[in-house]
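Going by UniProt numbering, the sequence shown opens with residue 1, and the numbers climb by one from there. Think of the CB as a built atom: it goes at the ideal place given N, C-alpha and C, for glycine as much as any other residue. Here is the structure we will look at.
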Amino acid sequence: MIPLTENQIRSSFVNATKRERTQLTLPDLDALDWDARDFLGWRDAKFPKLGYVVIVIDDEPVGVLLKLAEGRTLTRPQCSWCEDVHLPNDVVFFVAKRAGDAGRKGDTVGTLACAEFQCNVNARKRPRTAYVGFDVEAAKQQRIDAMRNNVTRFVAGVRDGN
Numbered sequence: 001m002i003p004l005t006e007n008q009i010r011s012s013f014v015n016a017t018k019r020e021r022t023q024l025t026l027p028d029l030d031a032l033d034w035d036a037r038d039f040l041g042w043r044d045a046k047f048p049k050l051g052y053v054v055i056v057i058d059d060e061p062v063g064v065l066l067k068l069a070e071g072r073t074l075t076r077p078q079c080s081w082c083e084d085v086h087l088p089n090d091v092v093f094f095v096a097k098r099a100g101d102a103g104r105k106g107d108t109v110g111t112l113a114c115a116e117f118q119c120n121v122n123a124r125k126r127p128r129t130a131y132v133g134f135d136v137e138a139a140k141q142q143r144i145d146a147m148r149n150n151v152t153r154f155v156a157g158v159r160d161g162n
């Protein structure tokens, strides 16, 4: 992922008000390993029920404000983004208000995602060798590509109302 500035991140949110963009708490951008991520995701330190995701789509950063849904799942869910079946972390249900008129009317979309957005790390874990001659690097790249597509599809759906 290309490194983003604070201004790029704050202005990228398609479903947040100006006030919400101003009040959000950013992670330490200088400490991030931008090469090891395909999207930027974090939870707000001041408002723990809020999460933020920014991904670059067509060379433009697109951000989505997420809210932690109330309630708990009865079984251990799988993250819809990294699709890791050996998750070392919790998966929660996030809800995002759609952008534009749809969001103002109250339309939302939800997703199951890693609670602290560890998907970038999970997708880059060395996969288990399935058989002799298994191409581990190709399998890892396939997982990274699938995760990137899953996050892009979700964010584009919030942005475009689909």
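By the Cβ neighbour-count rule, GLY133 is exposed, with fewer than 16 other Cβ atoms within 10 Å of its own. Cβ neighbours of TRP81 within its own chain (closer than 6 Å, five residues either side excluded): ALA113, CYS119, MET147, ASN150, VAL151.
With 16 or more neighbouring CB atoms inside 10 Å of its own CB, VAL92 falls in the buried class. Measuring C-alpha to C-alpha distances from ARG43 to each of ASP59, ALA36, ARG159, VAL54 identifies VAL54 as the nearest.
Look at GLU6 here: in three-state DSSP terms it is helix. Ranked by Cα distance from ASP90, the first of GLY110, ARG76, ARG124 is ARG76. Boundaries for GLU60: no alpha helix (DSSP H) harbours it, while the beta strand (DSSP E) harbouring it runs 60-68, taken from the DSSP string. The region 1-9 makes contact with the region 34-41, as at least three CB pairs between them are under 8 Å.
Of the other Cβ atoms in all chains shown, 16 or more fall within 10 Å of the Cβ of TYR52; this residue is therefore buried. Fully contained in the region 70-134 are the following alpha helix (DSSP H) runs of length 4 or more, in chain order: 100-104, 119-123. Closest in alpha carbon position to LYS105, among MET1, ASN15, ILE57, ILE2, is ASN15. Per the DSSP secondary-structure output, ILE57 pairs in a beta bridge with GLU60.
With fewer than 16 other beta carbons inside 10 angstroms of its own, ALA45 counts as exposed.
A direct Cα-to-Cα measurement between LYS125 and MET1 gives close to 18 Å.
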